[in-house]
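The sequence shown begins at 3 in the numbering used here and counts up one residue at a time.
By construction, the Cβ of each residue, glycine as well, lies at the ideal position given by its N, Cα and C atoms.
Just so it is clear, the structure is predicted and the values come from calculations on it, not from any experiment.
Step one of this worksheet: look at the structure below.
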Amino acid sequence: MVRAGKEDPELNMLVGPPDRRVGRRSFLQVAGLLAAAGVAGYAGGTVAGLGDDTPAAVQAAGGPLTVGNRRDERVLNIYNWSDYIDDRTIPLFQATSNLRVNYDVYSSNEDLLARMRSGPTNYDIIVPTSWFIPTYLKLDLIEPLRQDLMPNLTNLDKEFVETDYDPGNRYTVPWQWGTSGIGFNRKEAGDEVDSWAAVFEPSSAMGGRVTLLREVTELIGCALIYLGRSPNSTRDADLAEVVKLVRSIKPELKGFTSDTYIDELAAGETWLAQGWSGDVFQARDQNQDVSYVIPKEGTLQFVDVIAVPKGAPHPGNAARFMNYVLHPKVQARISSYVSYGTPVSLAKPLLPPDQTKDPAIYPPAETKLSIVTLTGQKLEKWQAAYDEIVK
Ligand code: N2P
């Protein structure tokens, strides 16, 4: 039963569905709203019992809320993927922590990495896909987390702790996870879409209505899977085949996009889109003709992880935010809205059963899912192949 009394402000704030996406276009407006919500937030700064900035945690950390920061400011600068959060989590975090959040978005790992390589930024939080973490570590772009400020780390499912890319969560905590697949309009593309052929060899009737992801690993990895090659291949012959295939269908494509396809699917402008699971479900929330399928050839599974850029101004505040989003109730609010998988099983009983039972969100063990390993020169080779395709 949902209590909505004053005694549990967090629960109170969970009542009622979120109604605005923090997407490409809306994030600036939302940022304005968030600033306003921060001003109207709790003056006291902590709310007991939430497992985030509890008085005990603050005391254990030895001081005021700004402990752990390089700049003594009640500010947190977040850089996350577009369409990857509900519209309530940030205002509620601001209210419970008395920190002001600046929220900015990107739409590909390449954009994020390029930004981080271009010199210091003011960001305290970034959310790369896990397979980029070895690269971030090698380039010395991220720093260890203030785990002492994150008691909710214990909420994480084991598989997100015992990872290859960051065992023990020294540098990262998972945000959400999902798959890439095909979003399609059943009225226009039919009910039978089940193969990557739908987007990598589209029929001429779909001309100008097909989009592919503007993201190196997803484009190259899924095309390799369609061609029956290893999703981690760096063989020149395999990559040449991918380039040839995708270049040959370019006249049929509406374009490459990793953000606008949500609105385009929802508006019925795009009929077939290579896309990420939750994004397609967000389009379906607006247009019931949209469906998502994991192609029969298999696909890539990703985990996007929160990390702190090296030398970030407010790593203490970043830890407070990570701790907040590891709370099952907060995870449930985010996950139910974005329709991606949660790394906190304790959140699942709080999610709508039609999500937790949906094999497209939580795929059964027999689904063919691959994980990209980005080591050595693979990223360069894949980027070169991608550039040949897109340019
Ligand atoms: C959010 C897309 C995130 C998934 N719109 C890509 N890793």
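Q: Could you check which residue in Gln149, Glu194, Ala309 and Lys393 has the C-alpha nearest to that of Ser132?
A: Selection Gln149, Glu194, Ala309 and Lys393 evaluated against Ser132 yields Ala309 as nearest (Cα-Cα).
Q. Quick one: is Gly277 buried, meaning 16 or more other Cβ sit within 10 Å of its Cβ, or exposed?
A. So Gly277 ends up on the buried side.
Q. DSSP beta-bridge partners for Arg1?
A. Here the chain covers residues 3 to 393 and nothing more, so residue 1 does not appear.
Q.
I need the boundaries of the beta strand (DSSP E) containing Arg102, first residue and last residue.
A. Under the DSSP assignment, Arg102 falls in the beta strand (DSSP E) whose first and last residues are Arg102 to Tyr108.
Q.
Using C-beta distances below 8 Å, list every residue in its chain close to Glu112, excluding the 5 sequence neighbours before and after it, in chain order.
A. Cβ neighbours of Glu112 beyond the five flanking positions: Glu217, Val218 and Gln385.
Q: Determine, using beta-carbon pairs with one atom in the stretch 241 to 249 and one in the stretch 280 to 297, whether at least three such pairs fall under 8 Å.
A: Taking 8 Å as the limit for Cβ pairs, the verdict is that the stretch 280 to 297 does not touch the stretch 241 to 249.
(Q) I want to know whether the stretch 129 to 147 touches the stretch 298 to 316 - three or more CB-CB distances under 8 Å. (A) They touch, by the three-pair rule.
Q. The ligand N2P heavy atoms versus the CB of Asp281: any closer than 6 Å?
A. Yes - the ligand N2P has a heavy atom lying nearer than 6 Å to the Cβ of Asp281.
Q) Smallest Cα separation from Lys189: which of Glu271, Thr358 and Pro330? A) Minimum Cα distance to Lys189 is reached at Glu271.
Q. Is the beta carbon of Thr91 within less than 6 Å of some heavy atom of the ligand N2P?
A. Result no, Cβ not under 6 Å from the ligand N2P.
Q: With a cut-off of 8 Å on the beta carbons, I'd call Val103 and Leu328 a contact; round off their distance for me.
A: At roughly 17 Å, the Cβ-Cβ gap does not stay under 8 Å, so Val103 and Leu328 are not in contact.
**Q.** 8 Å CB neighbourhood of Ser206 in its chain, flanking five on each side removed
**A.** Hits under 8 Å: Glu254.
Q) Using a Cβ-Cβ cut-off of 7 Å (strictly less than) and excluding sequence neighbours within five positions of Asp196, which residues of its own chain qualify? A) If we look at Asp196 and ignore the five residues flanking it on each side, its Cβ neighbours are Val295, Pro297 and Lys298.
(Q) Let me check one thing: in DSSP terms, what residues is Ala275 bridge-paired to? (A) The bridge partners DSSP lists for Ala275 are Gly185 and Thr213.
Q. On the premise that Leu151 lies in contact with Arg322, defined as a C-beta separation below 8 Å, what is that separation, rounded to the nearest angstrom?
A. Confirmed, Cβ separation roughly 6 Å.
Q | Gly318 - containing alpha helix (DSSP H), residue span | A | Unbroken alpha helix (DSSP H) run through Gly318: Pro317 to Val327.
Q | As assigned by DSSP and simplified to three states, the class of Pro311 | A | In the structure shown, Pro311 sits in a strand (DSSP, three-state: E or B).
Q.
Would you say the beta carbon of Trp133 is closer than 6 Å to some non-hydrogen atom of the ligand N2P?
A. No; taking the cut-off as 6 Å, the Cβ of Trp133 has no heavy atom of the ligand N2P nearer than that.
Q.
Is it the case that the stretch 353 to 366 contacts the stretch 159 to 171, given that we only count it when at least three CB pairs across the two stretches are under 8 Å?
A. Contact fails: fewer than three Cβ-Cβ distances are below 8 Å.
**Q.** Close beta carbons around Leu381, own chain, < 7 Å, minus the five adjacent residues each side
**A.** Closer than 7 Å at Cβ, skipping near neighbours: Thr137.
Q. Roughly how many angstroms lie between the CA atoms of Gly170 and Ala314, to the nearest whole one?
A. Rounded to the nearest angstrom, the two C-alpha atoms are 21 Å apart.
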